[in-house]
Amino acid sequence: MKPTDPAITWLEEKPLGLTERLYLPLFLQGLSTTARHMVSRKVTVNYPEVRPTVGNPLIYRGVHRLNRDDAGRVKCVACFLCATACPAHCIDIVATESPWPDREKYPESFSIDELRCIFCGMCEEACPVDAIELTSLLDLTGKSREEMIFDKEKLLSVYDMTKDAEPMKSKTLAAGGMATFGPAPGLAAGAGGHH
Amino acid sequence: MNLLPSAATLAALVKIGLLVGGLMTAAAYLVLLERWIAAWVQDRRGPNRVGIPLTKIRLFGLGQPLADGLKIILKEDFTPSGVDRVLYNAAPLVILAASLAIFAAIPFGSVLPPLGIPGLPDPVPFLVAPGLDVGVLWVFALSSIAVYGVLLGGWASNNKYGFLGGLRSSAQLVAYEIPLGLGLLGVVLAAGSLRLDTIMNVQAESGVWYAFAQPLGFIVFMVASFAEAARLPFDLPEAEQELVGGYHTEYSGIKLLLFLVAEFLHMITAAFLIVILFLGGWHLWGVTGSSQEIGWIQALLRFGILSGKILGVIVFFMLVRWSWPRFRFDQLMNLAWKVMLPLGLLNLVTVATVEEFRPQLVAALGPGFAGAVAIALPWIACLAGWLVAGVFTPSGTDNTPILTHDPLDIERELAEHERLERSPHIVSPTELAGSR
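Which chain is which? The protein sequence lines are A and B, in order.
Mapped onto my numbering, the consecutive letters of the first sequence carry residue numbers 1 to 195.
Mapped onto my numbering, the consecutive letters of the second sequence carry residue numbers 1 to 436.
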C-alpha cells in the first residue's frame, strides 16, 4: 500500500490541552482507574475449588462424546466424514456391517486421541447424523498417553455423563436454543454466568 | 583492658540485627505485595497458594516469599565469559552494602521509654547511629554510592544491554540528584537541622507536616525519589522491554537476588525519606504527642504509625507503576532539567523567604495568622510555578528531521531516486551492486 493510497486516513496528533500539560489531573485520573480496579471484582477463578462458568455450552468445544439414539445404540453410522474432516488426524474408526436394519455400517471401534485433538469442532460440523459432539467439559487429564486415547465405550460414557446437563445439540438447536445465542432452556441452571 | 563491649555497643548491635532482619523480611514481603497489587490492578487474584510448607494451610499466599527466595538461591550462579570478574562480583555486594548502610542514619520510630540500663543514655532512640549530626548527608552520600553498584554491574557484565542500563542509570542519577537535593534543602532550612529525628520532632511539635508547608518541595522530592529508586515511570535503567533486564541482564542466582533486594531497599529508603521529611514521621494529630518522655504504648504506637505511613507510600509507589507508562529518555531529562530543577529552586526561594521573615511576620500579624500566611505563600508559589511549568515547558525534545518537502509525495521521491540513479557523481546502490 502506497502512502498516497486514498484508503489511508492520516491523523494529526491533537495538541495537548491545559489539563494534559499540567500532568497532575490526568495522573489522578489514571491513579483512580488503577485504584478502582484494585478493589473491583476479580475475573480469575480459584480453579480447582471454584469451577469456571462456561458461557454457552452449545458453542463450547470441550471433550468429545458419542451420542446414543433413542434405543440406546451408538448413533454413529461409520461414514468417516469426521475422520476426513479432522485436521489433526486424531479420529480412528473401524467400520463393520451393521446388525441393525436402519443403517448399513456402524463403528466396531471408534477412538479419538484427545492429546492430538485441537478441539476445532470440525468433526461435529461434518457429522451427518449428529453423533459426535463436543461437550463443555473443560478439564481433561490423564496419567498416560494411552489413557488419553478415548475409545468408543469411553466416548459413550461421556455422553451418559453429560446427557442430562447438555441435551443433544440437534434437539436443542431445533428448539431454538441457538437462535438467541443464549443457553438452552434446559441448561439455564447449569450455565448461570452467561452474559 | 576491658574487652567486653559496652552497653551502647550492644544496643547498637541489637538495633542493627533487628533492622537488617526486618528490612530483609520487608523486602521479601514487598515482592509479594508488588505481585499482589499488580494482580489486583489487572483484575487477577495474584499469588494465593503457598502457605506453610508441607501442610495444606495457605494463609493467602504468605509463604510465597520463602518459595521465591529458595528458588532463586538454588538457581545456578552463572558467570558469562568476558566479564570483569572482580567488578562483576563486587557490584551486587556494593549495592546491597550501601543500601543497608543507609539505614544507620534513618530513624525507624521515636524513642523507647527509659530502660535504666547502666552505661546506656536514656531515652533510647530508634536509630542505629543516634549521635550522627549529618544524618541527611550520610543518607544521600550512601544512596549515591549504591548507584555505583548499578554502574559496576552494567560495565563489568560485558553486555550491551547491561552497559546501556548502567549508562542510563548514571545519567538519570546526575539529573535527579539535583531536584532531590533541592526538595530536601527546603526541609533542612525550615527545620534547621540535618538530623532526621530532629526534623520529625520539629514537625511533631508544630503539627504542620512539611508536605503542607512546602507542597512544591514535596512534589519535587517525590518525583525525584521515584527516579532515584528507578521505579516506574522512571525505570529506564532496567526497562525490560528495551534492555532485557538492564544492568542485571547477565546476573543470575544469588547475585541477582542481591540486586533485586537492593532495588526494594531503595524503594523502602525512598518511602522512609518521604515520610520522615514531608509526612511528619511518627506524628499523627491527636494520637501521638510531641513529647520525648513517653511510655511503652506511646513508643510502640509511634513505631506503628511510622511503619503504616511507609507502607502507604510504598503502596502508592506500586500503584503508580500500573497507572503511568514509562517516560522516554528525552522526556525524563526534560522533566529533570526544565521542570523539576526550576520548581525546586522556586520552592527553595519561597521557603528561604518565609523563614527569613517569619519573626517579622509573627511580630506584625500575631503567631496564628503569621502561620497561616507562612503556609499560604508556598501554596501560591506552588500553583503559580506548576501552571507556568505546565504551560511553557516542552514535554519532550523534538528530534524529528526538518523536512524540506512532503514525505508522502511519492512522485517526488521517485523523481529524486531517478535523478540519483542518473547522476554521474553519485554511485547509487543499484550501480554498486551491478558492478560487482
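Just so it is clear, CB atoms sit at the ideal spot from N, CA and C, and this is done for glycine as well.
Sequence-distant residues of the same chain with beta carbon closer than 6 Å to residue i, five excluded per side
| i | result |
| --- | --- |
| Ala201 (chain A) | Residue 201 (chain A) lies beyond the stretch modelled for chain A, which goes from 1 to 195, so this question has no answer here. |
| Ile95 (chain B) | Ala146, Gly149 and Ala262 |
| Ala98 (chain B) | Leu142, Ile145 and Ala146 |
| Val41 (chain B) | Trp322 |
| Pro80 (chain B) | Glu250 |
8 Å Cβ shell around residue i - same chain, five flanking residues per side excluded
| i | result |
| --- | --- |
| Gly69 (chain B) | Ala28 and Leu257 |
| Ile375 (chain B) | Val208, Phe212 and Ala213 |
| Phe317 (chain B) | Phe226, Ala229, Arg231, Met267, Ala270 and Ala271 |
| Leu132 (chain B) | Ala104, Ala105, Trp138 and Arg195 |
| Ala35 (chain A) | none |
| Lys105 (chain A) | Val77, Ala78, Cys79, Ala95, Thr96, Glu97 and Ser98 |
Inter-residue Cα distance where the pair is residue i and residue j
| i | j | result |
| --- | --- | --- |
| Leu164 (chain B) | Ile297 (chain B) | 51 Å |
| Lys14 (chain A) | Glu20 (chain A) | 11 Å |
| Thr404 (chain B) | Leu265 (chain B) | 52 Å |
| Ala67 (chain B) | Val31 (chain B) | 12 Å |
| Lys255 (chain B) | Ala104 (chain B) | 23 Å |
| Pro237 (chain B) | Arg45 (chain B) | 29 Å |
| Ile37 (chain B) | Val43 (chain A) | 15 Å |
| Asn48 (chain B) | Thr53 (chain A) | 21 Å |
| Leu4 (chain B) | Phe303 (chain B) | 31 Å |
| Gly253 (chain B) | Lys71 (chain B) | 9 Å |
| Trp10 (chain A) | Ala370 (chain B) | 58 Å |
| Asn347 (chain B) | Leu341 (chain B) | 10 Å |
| Asp398 (chain B) | Leu151 (chain B) | 29 Å |
| Ser136 (chain A) | Ala165 (chain A) | 10 Å |
| Ile57 (chain B) | Glu49 (chain A) | 15 Å |
| Ser98 (chain A) | Leu115 (chain A) | 30 Å |
| Leu260 (chain B) | Val136 (chain B) | 25 Å |
| Thr198 (chain B) | Leu306 (chain B) | 15 Å |
| Gly142 (chain A) | Cys76 (chain A) | 26 Å |
| Val354 (chain B) | Ala190 (chain B) | 9 Å |
| Glu240 (chain B) | Pro107 (chain A) | 56 Å |
| Leu120 (chain B) | Gln292 (chain B) | 16 Å |
| Gly51 (chain B) | Thr25 (chain B) | 16 Å |
| Glu250 (chain B) | Asp160 (chain A) | 57 Å |
Nearest candidate by alpha-carbon position, reference residue i, set the options
| i | options | result |
| --- | --- | --- |
| Leu196 (chain B) | B:Val223, B:Phe278, B:Leu10 and B:Ile375 | B:Phe278 |
| Pro118 (chain B) | B:Glu76, B:Ala8, B:Glu242 and B:Gly312 | B:Ala8 |
| Asp235 (chain B) | B:Lys15, B:Gly390 and B:Gln331 | B:Gln331 |
| Leu24 (chain A) | B:Val391, B:Arg412, B:Asp406 and B:Glu416 | B:Val391 |
| Gly289 (chain B) | B:Asn201, B:Gly17, B:Ile37 and B:Leu33 | B:Asn201 |
| Leu138 (chain A) | A:Ile118, A:Leu31, A:Thr9 and A:Ile91 | A:Ile118 |
| Trp100 (chain A) | A:Leu22, A:Val74 and A:Glu49 | A:Val74 |
| Trp138 (chain B) | B:Gly109, B:Ala101 and B:Pro123 | B:Ala101 |
| Gly166 (chain B) | B:Val244, B:Glu411 and B:Val220 | B:Val244 |
| Tyr60 (chain A) | A:Met122, A:Pro128 and A:Lys143 | A:Met122 |
| Val134 (chain B) | B:Leu184, B:Pro367 and B:Ser193 | B:Ser193 |
| Trp285 (chain B) | B:Ser206, B:Glu293 and B:Gly344 | B:Ser206 |
| Val388 (chain B) | A:Leu22, A:Ile8 and A:Tyr159 | A:Leu22 |
| Trp337 (chain B) | B:Met222, B:Ile314 and B:Tyr176 | B:Tyr176 |
| Val187 (chain B) | B:Gly280, B:Pro107, B:Gln172 and B:Leu301 | B:Gly280 |
| Glu242 (chain B) | B:Phe329, B:Leu335 and B:Ala299 | B:Phe329 |
| Leu31 (chain A) | B:Val315, B:His283 and B:Pro130 | B:Val315 |
Buried/exposed call for residue i, threshold 16 Cβ in 10 Å
| i | result |
| --- | --- |
| Gln214 (chain B) | buried |
| Thr4 (chain A) | exposed |
| His417 (chain B) | exposed |
| Tyr47 (chain A) | exposed |
| Ala78 (chain A) | buried |
| Leu78 (chain B) | Contrary to the premise, residue 78 (chain B) reads as Phe rather than Leu in this sequence. Its Cβ having fewer than 16 others within 10 Å, Phe78 (chain B) is exposed. |
| Gln64 (chain B) | buried |
| His89 (chain A) | exposed |
| Gln203 (chain B) | buried |
| Pro367 (chain B) | exposed |
| Val351 (chain B) | buried |
7 Å Cβ shell around residue i - same chain, five flanking residues per side excluded
| i | result |
| --- | --- |
| Ala156 (chain B) | Val83, Asp84, Leu87, Tyr88 and Ala91 |
| Val124 (chain B) | Ala11, Val111, Leu112 and Leu115 |
| Glu124 (chain A) | Ile132, Glu133 and Leu134 |
| Ile16 (chain B) | Val128 |
| Tyr247 (chain B) | Val150, Gly153, Gly154, Gly162, Gly165, Gly166, Ser169, Pro237 and Glu238 |
| Trp379 (chain B) | Pro215 |
| Asp69 (chain A) | Lys75 |
With contact counted as at least three CB pairs below 8 Å, one residue from each stretch, are the segment 152-164 of chain A and the segment 110-119 of chain A in contact?
yes
Touch check for the segment 265-275 of chain B and the segment 354-370 of chain B: three-plus C-beta pairs under 8 Å?
no
Touching by the beta-carbon criterion (3+ pairs, under 8 Å), the segment 176-190 of chain B and the segment 219-233 of chain B:
yes
At least three beta-carbon pairs within less than 8 Å, the segment 377-391 of chain B to the segment 320-337 of chain B
no
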